[in-house]
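Those letters in the sequence shown? Residues 1 to 349, per the UniProt record's numbering, in order.
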Amino acid sequence: MDTKDSGDNSLSLQTFLTRVIRVRLKLQQVTGAADPQAMMQALAQTVFQGKSVDITDTRDYGSLVAASLGQEWSGFGQAVFVQPMEQAWQQVLSPTAESINNQWQQAIVNDWQQDFNDRWPFSPDKQSEASLPLLSQYLRNDTGRITQFVKTSLGGVLRREGRHWVPDAIAAQGLHFNPDFLNALNQLSELADVAFTGGDAGVHFALMGKPARDVMQTDLYLDQQKLDYHNQVENWQPFVWPDSQWKPHTTLTWTSVSAGERIYADYPGSWGFIRLLDRAQVQATDNSTFILSWKVKDGSPLNIMMRTDAGEGPLALLKLKGFRLPQQVFLDTDSVPDVPSDNGGGDGL
Numbered sequence: 001m002d003t004k005d006s007g008d009n010s011l012s013l014q015t016f017l018t019r020v021i022r023v024r025l026k027l028q029q030v031t032g033a034a035d036p037q038a039m040m041q042a043l044a045q046t047v048f049q050g051k052s053v054d055i056t057d058t059r060d061y062g063s064l065v066a067a068s069l070g071q072e073w074s075g076f077g078q079a080v081f082v083q084p085m086e087q088a089w090q091q092v093l094s095p096t097a098e099s100i101n102n103q104w105q106q107a108i109v110n111d112w113q114q115d116f117n118d119r120w121p122f123s124p125d126k127q128s129e130a131s132l133p134l135l136s137q138y139l140r141n142d143t144g145r146i147t148q149f150v151k152t153s154l155g156g157v158l159r160r161e162g163r164h165w166v167p168d169a170i171a172a173q174g175l176h177f178n179p180d181f182l183n184a185l186n187q188l189s190e191l192a193d194v195a196f197t198g199g200d201a202g203v204h205f206a207l208m209g210k211p212a213r214d215v216m217q218t219d220l221y222l223d224q225q226k227l228d229y230h231n232q233v234e235n236w237q238p239f240v241w242p243d244s245q246w247k248p249h250t251t252l253t254w255t256s257v258s259a260g261e262r263i264y265a266d267y268p269g270s271w272g273f274i275r276l277l278d279r280a281q282v283q284a285t286d287n288s289t290f291i292l293s294w295k296v297k298d299g300s301p302l303n304i305m306m307r308t309d310a311g312e313g314p315l316a317l318l319k320l321k322g323f324r325l326p327q328q329v330f331l332d333t334d335s336v337p338d339v340p341s342d343n344g345g346g347d348g349l
């Protein structure tokens with residue numbers, strides 16, 4: 001390793017020391033400010049928004065210098081070039097992570113709980129239903145409130161890979177994301193790709209009646225759409241949930257060989273079809289085709305096949321049953337178990 005800054009891309013001890021001096025001066029500015037905590041949070045927020053700062057640049061440079069020393073000197077390299085910068089960065093991160101948690105709580109979680117927590121499907125025992133237009137305001141993958149929060153407050157430390165958000169391997173060093181937050185974020189992102197692709201709720205799929213023992217006729221009314229099956233020719237019929245006419249009501253009836261038409265289920269409201277799906281036995285035949293079966297009192301099944309345009313189609317909405325939005329983006333440092341550092345060099349100096 002060179003000991004002088006030659007101006008090229010080679011690693012230099014002098015360059016590292018120069019960077020350390022800049023970090024020290026920056027931290028002196030922070031501690032000498034009228035509101036040190038606010039300035040420290042602003043410094044970390046810069047990284048959260050995808051911009052580099054002296055501390056993270058020097059931390060990353062120190063990691064490269066330590067790695068250049070080889071395995072034999074890795075303990076020394078970690079102790080001298082890496083750990084001091086990591087400790088300095090942790091001092092900046094801790095109050096900022098707490099601030100992000102507070103922002104998430106105030107900007108998203110409080111309103112979400114008020115809007116949804118006491119409504120079906122988020123509370124499975126409730127009759128009142130969540131508003132689909134209101135839910136779309138949160139879940140849209142382009143302009144939704146959750147996506148906007150992530151892009152604005154976490155855009156530098158979380159990145160989108162396909163349908164999933166993942167921590168940036170470099171920028172997110174030292175951050176302890178709440179696994180429940182990441183899981184919920186990705187679950188809602190996947191749901192938005194299926195049910196809110198156009199912004200508002202809308203799922204396209206096809207249904208086809210299937211024969212069943214002792215059942216002469218099966219009728220499904222989904223809003224203003226109807227599947228009428230008489231145990232004869234099987235045909236796929238296109239459906240959309242919710243119906244564009246916005247007259248929400250779902251009813252499933254059947255006629256047996258021994259009795260007239262009877263009602264299996266009758267659900268008013270925009271979530272009626274999803275409530276009906278919740279009572280079905282579901283068997284996947286492939287990634288886009290499902291057999292739905294409802295067993296009536298005499299033991300006969302009512303069978304309908306469903307073919308989806310994307311993912312699980314309307315079945316994906318069932319993942320919201322009992323769903324709760326996590327209250328923390330980051331875990332408290334004290335609650336994160338220590339993970340031994342695998343640097344192969346013991347305790348360093």
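Note that CB positions come from ideal geometry on N, CA and C, so glycine has one too.
None of these values were measured; they are calculated from a predicted model.
What does residue i pair with, by DSSP beta-bridge criteria?
{"i": "residue 237", "result": "207"}
{"i": "residue 360", "result": "Nothing can be reported for residue 360, as the shown portion of the chain is limited to 1 through 349."}
{"i": "residue 307", "result": "206, 289"}
{"i": "residue 263", "result": "253"}
{"i": "residue 129", "result": "120"}
Kindly indicate which three-state DSSP category residue i falls into: helix, strand or coil?
{"i": "residue 232", "result": "coil"}
{"i": "residue 247", "result": "coil"}
{"i": "residue 268", "result": "strand"}
{"i": "residue 252", "result": "strand"}
{"i": "residue 200", "result": "strand"}
{"i": "residue 411", "result": "No answer is possible for residue 411: it lies beyond the span of the chain, which begins at 1 and ends at 349."}
{"i": "residue 324", "result": "coil"}
{"i": "residue 312", "result": "coil"}
{"i": "residue 170", "result": "coil"}
{"i": "residue 274", "result": "helix"}
{"i": "residue 122", "result": "coil"}
{"i": "residue 69", "result": "coil"}
{"i": "residue 227", "result": "strand"}
{"i": "residue 317", "result": "helix"}
{"i": "residue 158", "result": "strand"}
{"i": "residue 17", "result": "helix"}
Taking only heavy atoms of the ligand GTP into account, decide whether any of them is closer than 8 Å to the Cβ of residue i.
{"i": "residue 11", "result": "The ligand GTP is not part of this structure, which contains no ligands at all."}
Quick check: what's the CA-CA separation for residue i versus residue j?
{"i": "residue 272", "j": "residue 157", "result": "40 Å"}
{"i": "residue 257", "j": "residue 124", "result": "35 Å"}
{"i": "residue 67", "j": "residue 110", "result": "45 Å"}
{"i": "residue 293", "j": "residue 314", "result": "15 Å"}
{"i": "residue 275", "j": "residue 284", "result": "19 Å"}
{"i": "residue 350", "j": "residue 189", "result": "One cannot answer for residue 350 here, as it falls past the ends of the chain, which runs 1 to 349."}
{"i": "residue 12", "j": "residue 46", "result": "27 Å"}
{"i": "residue 263", "j": "residue 175", "result": "55 Å"}
{"i": "residue 138", "j": "residue 309", "result": "23 Å"}
{"i": "residue 6", "j": "residue 57", "result": "Because residue 6 carries a pLDDT of 38, less than 50, the predicted location of this residue cannot be relied on, and the following value inherits that uncertainty. In a straight line, the C-alpha of residue 6 is about 18 Å away from that of residue 57."}
{"i": "residue 96", "j": "residue 105", "result": "14 Å"}
{"i": "residue 203", "j": "residue 15", "result": "57 Å"}
{"i": "residue 99", "j": "residue 21", "result": "28 Å"}
{"i": "residue 62", "j": "residue 84", "result": "9 Å"}
{"i": "residue 116", "j": "residue 332", "result": "27 Å"}
{"i": "residue 27", "j": "residue 93", "result": "13 Å"}
{"i": "residue 329", "j": "residue 153", "result": "11 Å"}
{"i": "residue 133", "j": "residue 225", "result": "21 Å"}
{"i": "residue 216", "j": "residue 296", "result": "13 Å"}
{"i": "residue 299", "j": "residue 307", "result": "25 Å"}
{"i": "residue 200", "j": "residue 136", "result": "6 Å"}
{"i": "residue 208", "j": "residue 304", "result": "6 Å"}
{"i": "residue 163", "j": "residue 101", "result": "23 Å"}
{"i": "residue 149", "j": "residue 282", "result": "35 Å"}
{"i": "residue 146", "j": "residue 213", "result": "48 Å"}
{"i": "residue 270", "j": "residue 107", "result": "27 Å"}
{"i": "residue 241", "j": "residue 197", "result": "13 Å"}
{"i": "residue 17", "j": "residue 42", "result": "25 Å"}
{"i": "residue 166", "j": "residue 301", "result": "43 Å"}
{"i": "residue 184", "j": "residue 326", "result": "7 Å"}
{"i": "residue 179", "j": "residue 159", "result": "15 Å"}
{"i": "residue 151", "j": "residue 112", "result": "18 Å"}
{"i": "residue 103", "j": "residue 182", "result": "16 Å"}
{"i": "residue 320", "j": "residue 34", "result": "46 Å"}
Check for me: the beta strand (DSSP E) holding residue i runs from which residue to which?
{"i": "residue 219", "result": "215 to 222"}
{"i": "residue 284", "result": "281 to 284"}
{"i": "residue 165", "result": "164 to 167"}
Where do the ends of the alpha helix (DSSP H) carrying residue i lie?
{"i": "residue 145", "result": "145 to 154"}
{"i": "residue 135", "result": "132 to 139"}
{"i": "residue 190", "result": "179 to 195"}
{"i": "residue 350", "result": "Since the displayed the chain opens at 1 and closes at 349, residue 350 lies outside it and no answer follows."}
{"i": "residue 330", "result": "That residue, residue 330, is in no alpha helix (DSSP H); it is neither H nor E in DSSP."}
{"i": "residue 77", "result": "74 to 77"}
| query | Can we say the stretch 157 to 177 touches the stretch 215 to 234, given the rule of at least three CB pairs closer than 8 Å? | reply | no
| message | Below 8 Å, how does it come out for the stretch 285 to 292 and the stretch 133 to 145: are there three or more Cβ pairs, yes or no? | response | no
| Does the pairing of the stretch 57 to 77 with the stretch 129 to 140 give three or more beta-carbon distances under 8 Å? | no
| field | Inter-stretch contact at 8 Å, needing at least 3 Cβ pairs: the stretch 207 to 223 / the stretch 237 to 255 | value | yes
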